[in-house]
Amino acid sequence: MSEAGGSRLWEDVDEGERLPDLELPITFRTGILAVVGMRDFNPVHHYTDYAQRTSGNRDSWMNTMWHQGLFARFAGDWLGPDSDFRSTWLHMTGFIHPGDTVTVEGEVTRRFEEDGEPRVELALAARTEAGGYVARAGADLAMPSREGGAVRVREGFTKPSVDLDPELPDFAKPWIGQQTDPLWGGYPVSEAQIMYWADMVEDANPLYYDSEYARASRHGGMIAPFPSLFTFMMGRPSHFGEPFELADPDAPSVKPWPPSREMDDGRVLANRLITTLLSGDWRPPGTTRYAAQRVRQDYGAPLRPGDWLYTRSEVANCTSRKRTRLGEGHFLTLLTSFYRHPPEGEDELIGASQYAFFFYEAEQGVGTPAARSSS
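As structure tokens, then:
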């Protein structure tokens, strides 16, 4: 956090300014905190033997949401609690395993005004001694300023527009704009889960753990970290099996509980992140595999304790057939909209993610890399 727990002002930030590096050792404890902080119970992220057996990796690895949390903590340490995230993006190019030490670095690439508010854009990266650069990321934040005062809580968020590929394949045209039925997070937002997220990456933002501070702030109470949207879409712990019926990879007789993702009130719960994203029948013809490429998130109003999150997904874009080192296939962009269902009042669109996947058929002799998405 910036000096004395305060916040930097927009006028005091310069383009080209570098953020102090952050070094963090990754241990078995880090993995435990990640499971608690994100509720991602996919065993590849905490179970060494399972990760080795199913992916060929040397160990379990840190997932998408953990990277988002680490980069958000890094930016927040420098800017302070009075800046709000407007968007983030992440591209994972390698893996972070227990035993690694990760170093995070960043730089101010742009200082600008947009939508009537002062903004900064940060370029961020993470590297390990073993793997070199393993992730690159960016963040766009609204900042307080001497002239404009405090950052306003964002209202009236709308879905981002995505430019269609001029060679959009015929098979993809019926998919564009057709939203899936809602999928719901396994649990409502709670102060405890927000604090677990902060514990996970040692995020010192008092809006995430200090109720008294948060009540006196412009937010009027605790909020969830902006990049934590996927966390509050995670399902129930025994709903992460692959297949679904395999609740525990070490005990095939153990069945999921609750036994169905469909609740008595008709809501259908999400389970893995990948299930939420790929909840539609969107596999391009002639492809059998996929690899996550990059995720971008845009944020409106923050989540608050008591909210229940749900999503609806749609195909936003699809390219013509491309050849890559993995094989031939199509790049597909999935747009997922996040809605908060508050204890009282109307549902509200509060965020969106654009997740780029490459659906492909592998070339002869080309292996399948382990998935780089969360689950």
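Residue 900 is where the sequence shown starts when you use the numbering used here, and the numbers rise one by one after that. The C-beta atom is built at its ideal place from N, Cα and C for all residues, glycine as well.
Which term fits F927, buried or exposed, when burial requires 16 or more other beta carbons within 10 angstroms of its beta carbon? With fewer than 16 other Cβ atoms within 10 Å, it is exposed.
Answer yes if the stretch 1211-1219 comes into contact with the stretch 1165-1174, meaning at least three C-beta pairs across the two stretches below 8 Å, and no otherwise. No, they do not touch.
Helix, strand or coil, according to DSSP, for P1124 in the structure here? Reduced to three states, the DSSP call for P1124 is coil.
Quickly, what does DSSP pair N1216 with across the bridge? List them, please. Answer is T1232.
Quick one, which of D1098, P1017, W1181, R1193 has its alpha-carbon nearest A1049's? Taking each of D1098, P1017, W1181, R1193 in turn and checking the Cα distance to A1049, the smallest one comes out for P1017.
N- and C-terminal bounds of the alpha helix (DSSP H) containing H966: In the DSSP assignment, H966 falls within the unbroken alpha helix (DSSP H) covering 963-978.
In or out: G915 buried (at least 16 other Cβ within 10 Å) or exposed? Exposed, since its Cβ has fewer than 16 Cβ neighbours within 10 Å.
Go ahead and label T1096 buried or exposed: buried means 16 or more other beta carbons lie within 10 angstroms of its beta carbon, across all protein chains shown. According to the sequence displayed, residue 1096 carries Trp and not Thr. Buried, since its Cβ has 16 or more Cβ neighbours within 10 Å.
Let me know if P919 comes out buried or exposed under the rule of 16 or more other beta-carbons within 10 Å of its beta-carbon. The residue in question, P919, is exposed, as its Cβ has fewer than 16 Cβ neighbours within 10 Å.
Kindly indicate which three-state DSSP category Q1077 falls into: helix, strand or coil? Coil, per DSSP.
Check whether E1028 and T992 have beta carbons under 8 Å apart: With respect to the 8 Å criterion, E1028 and T992 are not classified as neighbours on the basis of their beta carbons.
Return the chain-ordered list of same chain residues with a C-beta closer than 7 Å to the C-beta of D1039, the five sequence neighbours on each side being excluded. Excluding the 5 residues flanking it on each side, D1039 has same chain C-beta neighbours closer than 7 Å at R985, S986, R1018, E1020, in chain order.
Can you say whether T1232 is buried or exposed, counting buried as having 16 or more other CB atoms within 10 angstroms of its CB? Only buried fits T1232, as 16 or more other CB atoms lie within 10 angstroms of its CB.
Touch check for the stretch 1125-1132 and the stretch 967-976: three-plus C-beta pairs under 8 Å? Contact between the stretch 1125-1132 and the stretch 967-976 is present, because at least three Cβ pairs lie under 8 Å.
Ordered along the chain, which non-local residues of its own chain (more than five positions away) have a Cβ less than 7 Å from that of G905? Close CB contacts of G905 within its chain, under the 7 Å cut and outside five residues either way in sequence, are with G979 (chain order).
Measuring straight from C-alpha to C-alpha, what distance separates D1069 and E1101? The alpha-carbon atoms of D1069 and E1101 are separated by roughly 48 Å.
The beta strand (DSSP E) with S1110 in it runs from where to where? Under the DSSP assignment, S1110 falls outside any beta strand (DSSP E), being part of the alpha helix (DSSP H) whose first and last residues are 1110-1115.
With distances taken Cα to Cα, identify the nearest neighbour of S1236 among I1249, R1224, E1245, P1242. Considering only alpha carbons, the answer is I1249.
Using the C-alpha atoms, what's the distance from D913 back to P942? The alpha-carbon atoms of P942 and D913 are separated by roughly 43 Å.
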